[in-house]
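In the working numbering, the protein residues as written are 355 to 509.
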(Lines of atoms letter the chains of each structure in order from A; the text may use other names.)
(Lines give C-alpha, C1' and ligand atoms only; values in the text may rest on other atoms or scores of the structure.)
Protein backbone atom coordinates (compact mmCIF):
# COMPACT_ATOMS: atom_id res chain seq x y z
CA UNK A 355 0.00 0.00 0.00
CA UNK A 356 1.36 3.39 -0.90
CA UNK A 357 1.28 6.34 1.39
CA UNK A 358 -1.72 8.62 0.84
CA UNK A 359 -1.25 12.21 -0.32
CA UNK A 360 0.24 14.22 2.50
CA UNK A 361 -2.02 16.81 4.06
CA UNK A 362 -0.38 18.49 7.03
CA UNK A 363 -1.80 17.64 10.45
CA UNK A 364 -0.49 17.13 13.95
CA UNK A 365 -1.01 13.37 13.80
CA UNK A 366 0.67 12.93 10.41
CA UNK A 367 3.74 14.82 11.59
CA UNK A 368 4.24 12.57 14.63
CA UNK A 369 7.08 10.08 14.67
CA UNK A 370 5.97 6.62 13.57
CA UNK A 371 7.28 5.10 16.79
CA UNK A 372 5.07 7.44 18.85
CA UNK A 373 2.07 6.47 16.71
CA UNK A 374 2.79 2.78 17.27
CA UNK A 375 3.09 3.23 21.04
CA UNK A 376 -0.17 5.23 21.11
CA UNK A 377 -1.89 2.59 18.97
CA UNK A 378 -0.70 -0.22 21.21
CA UNK A 379 -1.86 1.66 24.32
CA UNK A 380 -5.27 2.40 22.79
CA UNK A 381 -5.81 -1.21 21.70
CA UNK A 382 -4.73 -2.42 25.15
CA UNK A 383 -7.26 -0.08 26.79
CA UNK A 384 -10.02 -1.34 24.49
CA UNK A 385 -9.18 -5.01 25.08
CA UNK A 386 -9.03 -4.62 28.86
CA UNK A 387 -12.49 -3.05 29.15
CA UNK A 388 -14.93 -5.22 31.07
CA UNK A 389 -17.98 -6.72 29.43
CA UNK A 390 -20.78 -4.19 29.09
CA UNK A 391 -18.74 -1.03 29.74
CA UNK A 392 -20.70 0.83 27.06
CA UNK A 393 -19.92 4.35 28.27
CA UNK A 394 -16.20 3.64 28.18
CA UNK A 395 -16.49 2.06 24.73
CA UNK A 396 -18.31 5.20 23.62
CA UNK A 397 -15.65 7.46 25.12
CA UNK A 398 -12.91 5.54 23.32
CA UNK A 399 -14.88 5.72 20.07
CA UNK A 400 -15.21 9.51 20.44
CA UNK A 401 -11.47 9.76 21.16
CA UNK A 402 -10.69 7.74 18.05
CA UNK A 403 -13.12 9.78 15.96
CA UNK A 404 -11.58 13.06 17.09
CA UNK A 405 -8.08 11.76 16.40
CA UNK A 406 -9.14 10.52 12.98
CA UNK A 407 -10.72 13.88 12.18
CA UNK A 408 -7.59 15.71 13.31
CA UNK A 409 -5.48 13.40 11.12
CA UNK A 410 -7.92 13.85 8.21
CA UNK A 411 -8.44 10.13 7.78
CA UNK A 412 -11.37 9.53 5.41
CA UNK A 413 -14.19 7.57 6.98
CA UNK A 414 -14.45 5.53 3.77
CA UNK A 415 -10.91 4.22 4.32
CA UNK A 416 -11.65 3.06 7.86
CA UNK A 417 -15.07 1.63 6.99
CA UNK A 418 -13.65 -0.36 4.09
CA UNK A 419 -11.12 -1.94 6.47
CA UNK A 420 -13.87 -2.88 8.93
CA UNK A 421 -14.91 -5.58 6.47
CA UNK A 422 -12.10 -7.62 7.98
CA UNK A 423 -14.35 -8.07 11.02
CA UNK A 424 -16.58 -10.59 9.27
CA UNK A 425 -14.84 -13.68 10.77
CA UNK A 426 -15.02 -12.11 14.24
CA UNK A 427 -18.72 -11.41 13.78
CA UNK A 428 -19.38 -15.00 12.71
CA UNK A 429 -17.48 -16.48 15.67
CA UNK A 430 -19.03 -14.09 18.20
CA UNK A 431 -22.52 -14.83 16.84
CA UNK A 432 -21.93 -18.57 17.17
CA UNK A 433 -20.65 -18.06 20.71
CA UNK A 434 -23.72 -16.03 21.73
CA UNK A 435 -26.06 -18.51 20.06
CA UNK A 436 -24.55 -21.52 21.80
CA UNK A 437 -24.25 -19.97 25.28
CA UNK A 438 -26.64 -21.58 27.74
CA UNK A 439 -29.33 -19.56 29.49
CA UNK A 440 -28.40 -19.74 33.17
CA UNK A 441 -31.81 -18.96 34.60
CA UNK A 442 -35.02 -17.00 34.03
CA UNK A 443 -33.42 -13.76 35.22
CA UNK A 444 -30.61 -14.12 32.67
CA UNK A 445 -32.83 -14.88 29.66
CA UNK A 446 -33.38 -12.33 26.91
CA UNK A 447 -35.94 -12.90 24.17
CA UNK A 448 -34.50 -11.89 20.79
CA UNK A 449 -37.25 -11.12 18.26
CA UNK A 450 -36.82 -12.60 14.83
CA UNK A 451 -34.81 -15.65 15.84
CA UNK A 452 -37.39 -17.12 18.21
CA UNK A 453 -34.89 -18.12 20.84
CA UNK A 454 -34.02 -17.17 24.38
CA UNK A 455 -30.41 -16.05 24.70
CA UNK A 456 -28.31 -15.40 27.75
CA UNK A 457 -28.16 -11.72 28.69
CA UNK A 458 -24.53 -12.07 29.72
CA UNK A 459 -23.72 -13.75 26.40
CA UNK A 460 -25.32 -10.85 24.50
CA UNK A 461 -23.32 -8.31 26.51
CA UNK A 462 -20.16 -10.29 25.85
CA UNK A 463 -21.08 -10.47 22.15
CA UNK A 464 -21.49 -6.70 21.95
CA UNK A 465 -18.29 -6.06 23.88
CA UNK A 466 -16.24 -8.34 21.63
CA UNK A 467 -17.62 -6.69 18.50
CA UNK A 468 -17.12 -3.16 19.87
CA UNK A 469 -13.56 -3.94 20.94
CA UNK A 470 -12.69 -5.53 17.61
CA UNK A 471 -14.18 -2.64 15.64
CA UNK A 472 -12.41 0.03 17.69
CA UNK A 473 -9.08 -1.79 17.54
CA UNK A 474 -9.28 -2.32 13.80
CA UNK A 475 -10.33 1.29 13.20
CA UNK A 476 -7.32 2.47 15.23
CA UNK A 477 -4.93 0.29 13.27
CA UNK A 478 -6.46 1.49 9.97
CA UNK A 479 -6.07 5.13 11.03
CA UNK A 480 -2.41 4.66 11.92
CA UNK A 481 -1.85 2.79 8.67
CA UNK A 482 -3.42 5.63 6.68
CA UNK A 483 -1.39 8.36 8.35
CA UNK A 484 1.96 6.54 8.22
CA UNK A 485 2.08 4.09 5.37
CA UNK A 486 2.93 0.43 5.65
CA UNK A 487 6.67 0.77 5.04
CA UNK A 488 7.00 3.39 7.78
CA UNK A 489 5.13 1.15 10.24
CA UNK A 490 7.47 -1.75 9.52
CA UNK A 491 10.47 0.54 9.98
CA UNK A 492 8.99 1.87 13.25
CA UNK A 493 8.47 -1.64 14.59
CA UNK A 494 12.11 -2.41 13.90
CA UNK A 495 13.26 0.80 15.58
CA UNK A 496 11.13 0.04 18.66
CA UNK A 497 13.08 -3.16 19.20
CA UNK A 498 10.44 -5.63 18.04
CA UNK A 499 12.26 -8.88 17.18
CA UNK A 500 13.20 -9.15 13.51
CA UNK A 501 11.20 -12.35 13.08
CA UNK A 502 7.98 -10.58 14.09
CA UNK A 503 8.75 -7.57 11.90
CA UNK A 504 9.36 -9.94 8.97
CA UNK A 505 6.04 -11.68 9.64
CA UNK A 506 4.22 -8.34 9.63
CA UNK A 507 6.00 -7.33 6.43
CA UNK A 508 5.14 -10.61 4.68
CA UNK A 509 1.47 -10.70 5.71
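Backbone N, C-alpha and C fix where the C-beta goes; we use that ideal spot for every residue, glycine too. Quantities reported herein were computed from a predicted structural model and do not represent experimental measurements.
Of the residues the options, the one placed nearest residue i, counting alpha carbons only
{"i": "residue 409", "options": "461, 476, 380 and 422", "result": "476"}
{"i": "residue 389", "options": "364, 411, 423 and 457", "result": "457"}
{"i": "residue 471", "options": "366, 485 and 381", "result": "381"}
{"i": "residue 387", "options": "466, 478 and 372", "result": "466"}
{"i": "residue 328", "options": "461, 508, 422 and 417", "result": "Here the chain covers residues 355 to 509 and nothing more, so residue 328 does not appear."}
{"i": "residue 495", "options": "427, 370, 385 and 429", "result": "370"}
{"i": "residue 417", "options": "484, 365, 493 and 474", "result": "474"}
Three-way DSSP call (helix, strand, coil) for residue i in this model
{"i": "residue 363", "result": "coil"}
{"i": "residue 465", "result": "helix"}
{"i": "residue 456", "result": "strand"}
First and last residue of the uninterrupted alpha helix (DSSP H) at residue i
{"i": "residue 494", "result": "486-495"}
{"i": "residue 506", "result": "500-508"}
| Contiguous alpha helix (DSSP H) assignments of at least 4 residues, all confined to the stretch 369-435 | 370-385, 392-409 and 413-419
| query | Per the contact definition of three or more C-beta pairs closer than 8 Å, is the stretch 372-381 in contact with the stretch 487-498? | reply | yes
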